[in-house]
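Accompanying notes for the structure given below.
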Amino acid sequence: MVEANNTTVTLQVHRFTPRPERAERARGGSPFAKKSSPFGGGSDSAARRRPRGKQWVQEYTIPARPSDTVLDCLLTIKRTIDPTLAFRYSCGHGMCGSDAAAINGTPTLLCTATVRDWAKQPSTAPEVDDEGFRRTGDETANEPDVPAENNITEGSLGVIELASLPGFPPQRDLIADIDPMLNQIRKLTPYLQADGVLATTAEGKVDVFEYLQNPEQLAKYETLSNCIACGVCEGACPVYAGGDAFVGPAALIWASRFINDSRDTKAMDRMDAIDAADGVAGCQSVRACSRHCPRGIDVGEEMWQIVAKVRER
Ligand code: SF4
Ligand code: FES
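Following this line, the structure appears as structure tokens:
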């Protein structure tokens, strides 16, 4: 079907501009500023969670087709309406993880979310279910009776609400500061630590340059190795929220990826590192982390597996 381009979508963007002095501090402008911990958290983490600045909601109505992605819409706004709107992206097709944000309250990637799937017709009254509970954006985001119709050729496709990734301090508009997550992943040494001994022939010559694995050994961690550290699972996790009390599902996925790798010799050390109150013990098995992993990792199930493995060791 050829889609006519006389349809529109409205983006309601939760915008944020930090106070200039905060931006100055973040650049290390003050010689008296405290240095942040290399592992995240630390004395400045509370300040990170409470960025000060101007917050407001800005509405943009632009021409759009149902198949356009939310990132397409933001680029249209940036190029034609408002160059001050800030968001982050790189690959544009779900491979780099740099554009995670909250769409209608749900953490996901801007570049893979389409107007068709996420635009909602605005309602005049809050939606209330049969038992009188107000419904959340997560529940209503993909309902078949409210999203943009595929065959609409004119008029509004609906409204999409955008905010920066929950669980992380906003830096500007839709850009969240994901350094806490990256530091927590780094802390768990996210690289292969093999024994470093190369196989040799009977004559003592180097025989192979690779650590060989069979398909079964590869299958134990292959899916986990697809993690792109986008932070969507952390944004969905109600326990993570800043990462001081819980290292977060993304860091545990990276730890699990190497614990399950037959070539790695540090599995016990890795399990010791996450066997802490803010490690696997912090996971409350809510499983919200599994719902929107763009790489198809069943994060909640993997959390369950790594918790069991640490306890059984
Ligand atoms: S596990 Fe999935 S949702 Fe979580 S950081 Fe990795 S790719 Fe993103
Ligand atoms: S821009 Fe790379 S994952 Fe969306």
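All residue numbers for the sequence shown refer to the numbering used here, where the first residue is 1 and numbers rise by one.
The C-beta atom is built at its ideal place from N, Cα and C for all residues, glycine as well.
Quantities reported herein were computed from a predicted structural model and do not represent experimental measurements.
Count the other CB atoms, across all protein chains shown, that sit within 10 Å of the CB of A245; report buried if there are 16 or more and exposed otherwise. Position 245 of the sequence shown, counting from 1, holds the residue named residue 245. When all chains shown are included, A245 counts as exposed.
Three CB pairs or more closer than 8 Å across the region 84 to 94 and the region 209 to 227: no
Does the Cβ of L218 have 16 or more other Cβ atoms within 10 Å, making it buried, or fewer, making it exposed? For the purposes of this step, residue 218 is taken as residue 218 along the sequence shown, with counting starting at 1. Under this definition L218 is an exposed residue.
Please indicate yes or no: does the CB of G231 lie closer than 7 Å to some heavy atom of ligand 2? To locate residue 231, count along the sequence shown from 1; it is residue 231. No, the Cβ of G231 stays beyond 7 Å of every heavy atom of ligand 2.
With a 10 Å radius around its C-beta and 16 neighbouring C-beta atoms as the bar for buried, classify W118 as buried or exposed. Reading the sequence shown from its first residue, position 118 is the one you call residue 118. Burial call: buried.
Distance, Cα to Cα, L74 vs V206? For this step, residue 74 is matched to residue 74 along the sequence shown. For this step, residue 206 is matched to residue 206 along the sequence shown. Their Cα atoms are separated by approximately 54 Å.
Can you give me the C-alpha to C-alpha distance between S262 and A100, rounded to a whole angstrom? On the sequence shown, position 262 is the one that residue 262 refers to. On the sequence shown, position 100 is the one that residue 100 refers to. Taking the straight line from one Cα to the other gives about 32 Å.
Could you check if P238 belongs to the surroundings of ligand 1, using beta carbon to heavy atom distance under 7 Å? Translated into the one-based positions of the sequence shown, residue 238 becomes position 238. No - ligand 1 has no heavy atom lying nearer than 7 Å to the Cβ of P238.
Please name the residue, chosen from D298, V299, G300 and N260, that lies closest to K309 on a Cα-to-Cα basis. Here the question's residue 309 lines up with position 309 in the sequence shown. Ranking the options by Cα distance to K309, first place goes to N260.
Is N103 near L162, with beta carbons less than 8 Å apart? Counted from its first residue, the sequence shown places residue 103 at position 103. Counted from its first residue, the sequence shown places residue 162 at position 162. Looking at the sequence provided, one finds Ile at residue 103 rather than Asn. Closer than 8 Å, so yes.
Going by beta carbon distance, what residues of the same chain come within less than 6 Å of Q58, once the five residues before and after it are set aside? Here residue 58 corresponds to residue number 58 of the sequence shown, with the count starting at 1. Excluding sequence neighbours, Q58 sits near V13 and R15.
Going straight from the alpha carbon of C289 to that of K187, what length do you get? As a position in the sequence shown, residue 289 is number 289, starting the count at 1. As a position in the sequence shown, residue 187 is number 187, starting the count at 1. Spanning the two alpha carbons is a distance of roughly 21 Å.
Determine the extent of the alpha helix (DSSP H) in which T80 is found, giving its start and end residues. Start at 1 with the first residue of the sequence shown, and residue 80 comes out as number 80. Unbroken alpha helix (DSSP H) run through T80: V70 to T80.
Tell me L162's beta-bridge partners as DSSP assigns them. As a position in the sequence shown, residue 162 is number 162, starting the count at 1. DSSP, once it has assigned bridges, lists V13 and I103 as partnering L162.
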